[in-house]
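> Below is a structure I'd like to ask you about.
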Amino acid sequence: MERPQPDSVAQFNNLLQKKAFHTREDPVLVGQVSGLALDSDSNLVIFHRGDHHWGADSFNSQARYQQRSVGPIQQSTILVVDPTKGTILKASGRDMFYLPHGITTDKNNNYWVTDVALHQVVKVSSDGRDRTVLALGEAFTPGSDSSHFCQPTDVAVDGDTGNIFVSDGYCNARILKFSADGRYLSEWGAVRQVILK
Numbered sequence: 001m002e003r004p005q006p007d008s009v010a011q012f013n014n015l016l017q018k019k020a021f022h023t024r025e026d027p028v029l030v031g032q033v034s035g036l037a038l039d040s041d042s043n044l045v046i047f048h049r050g051d052h053h054w055g056a057d058s059f060n061s062q063a064r065y066q067q068r069s070v071g072p073i074q075q076s077t078i079l080v081v082d083p084t085k086g087t088i089l090k091a092s093g094r095d096m097f098y099l100p101h102g103i104t105t106d107k108n109n110n111y112w113v114t115d116v117a118l119h120q121v122v123k124v125s126s127d128g129r130d131r132t133v134l135a136l137g138e139a140f141t142p143g144s145d146s147s148h149f150c151q152p153t154d155v156a157v158d159g160d161t162g163n164i165f166v167s168d169g170y171c172n173a174r175i176l177k178f179s180a181d182g183r184y185l186s187e188w189g190a191v192r193q194v195i196l197k
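Residues in the sequence shown are numbered consecutively from 1, following UniProt numbering.
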């Protein structure tokens, strides 16, 4: 089956019904894909925004998310896909995120994600129970100290030590390092004050 080609970028960013692409019988709607990773079995892990979109009105001049009243994304935002067949093996992350951004996996196949609306890094169990194992940062509260982020962009986990590295790069310009249990260790880079007019 040939994949349909989008007529425009806007159409491409709209929800796609993945049933047409050889997935499960129940359709899975995929929104703006913001992150990709591989798990320990080399399956593709997709992090997407469902029916939420990052637009000009998503944040105010203090980087506070303005669409919180809409609620979290109701679709599964984390999809584990067989990269050969294109079939969805697992789906999770329902009702957890507002504006997904970056994703990685650790050696135990936990998902580490960033959400720019929440201003958080979240470790999610891969057992399919949609549970937060660890959260770094204060939900919906941007900042630049050791316990706050401002639209964190990505996360990496050291396979040997479990140390967590966070790129806090939209409002700030820094990398933060945390221990495996979430204790702040250090940072480098700079804190930027972004003033929008």
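Ideal Cβ placement from N, Cα and C applies to all residues, glycine included.
Work out the CA separation of Leu-136 and Gly-182 for me, nearest whole Å.
Looking at the two C-alpha atoms, the distance is approximately 7 Å.
> Between His-48, Gly-50, Tyr-65 and Arg-49, which has its C-alpha nearest Ala-56's C-alpha?
For Ala-56, the nearest C-alpha among the options comes from Tyr-65.
> Please list, in chain order, all residues of the same chain as Ser-125 whose beta carbon is under 7 Å from its beta carbon, the five residues on each side excluded.
If we look at Ser-125 and ignore the five residues flanking it on each side, its Cβ neighbours are Asn-110, Arg-131 and Val-133.
> Provide the residue span of the beta strand (DSSP E) that contains Pro-152, from first to last.
It is not in any beta strand (DSSP E) - Pro-152 carries neither H nor E in the DSSP assignment.
> If I follow the unbroken beta strand (DSSP E) through Ile-88, where does it start and stop?
Segment 88–92, the beta strand (DSSP E) holding Ile-88.
> Just checking Cys-150 against the ligand HEM - is the residue's beta carbon closer than 6 Å to any of the ligand's heavy atoms?
Among the components of this structure there are no ligands whatsoever, and the ligand HEM is therefore not found.
> Do you know how far the Cα of Val-81 is from the Cα of His-88?
Note that residue 88 corresponds to Ile in the displayed sequence, not to His. Whole-angstrom Cα-Cα distance: 4 Å.
> DSSP on Ser-146, reduced to helix/strand/coil?
Note: Ser-146 maps to coil in three-state DSSP.
> Going by DSSP, name the residue or residues bridged to Trp-112.
Partner(s): Thr-104 and Lys-123.
> When you compare only the Cα positions, how much space is there between His-148 and Gln-120?
Spanning the two alpha carbons is a distance of roughly 8 Å.
> Anyone know if the C-beta pair for Phe-47 and Ile-73 falls short of 7 Å?
No.
> Judging by CA-CA distance, which residue of Asn-60, His-101, Thr-161 and Leu-29 is the nearest neighbour of Gly-169?
Nearest of Asn-60, His-101, Thr-161 and Leu-29 to Gly-169, Cα basis: His-101.
> Mind checking Asn-43: buried by the 16 CB within 10 Å criterion, or exposed?
Buried, by the Cβ-count rule.
> Residue ranges of each beta strand (DSSP E) run of no fewer than 3 residues wholly in the stretch 35–104, ordered along the chain?
Runs of the beta strand (DSSP E) inside the stretch 35–104: 44–48, 78–81 and 88–92.
> Is the beta carbon of Gly-50 closer than 7 Å to that of Gly-31?
In this structure, Gly-50 lies closer than 7 Å to Gly-31 by Cβ.
> Is Leu-176 buried or exposed, if buried means 16 or more other CB atoms sit within 10 Å of its CB?
With 16 or more Cβ atoms within 10 Å of its Cβ, Leu-176 is classed as buried.
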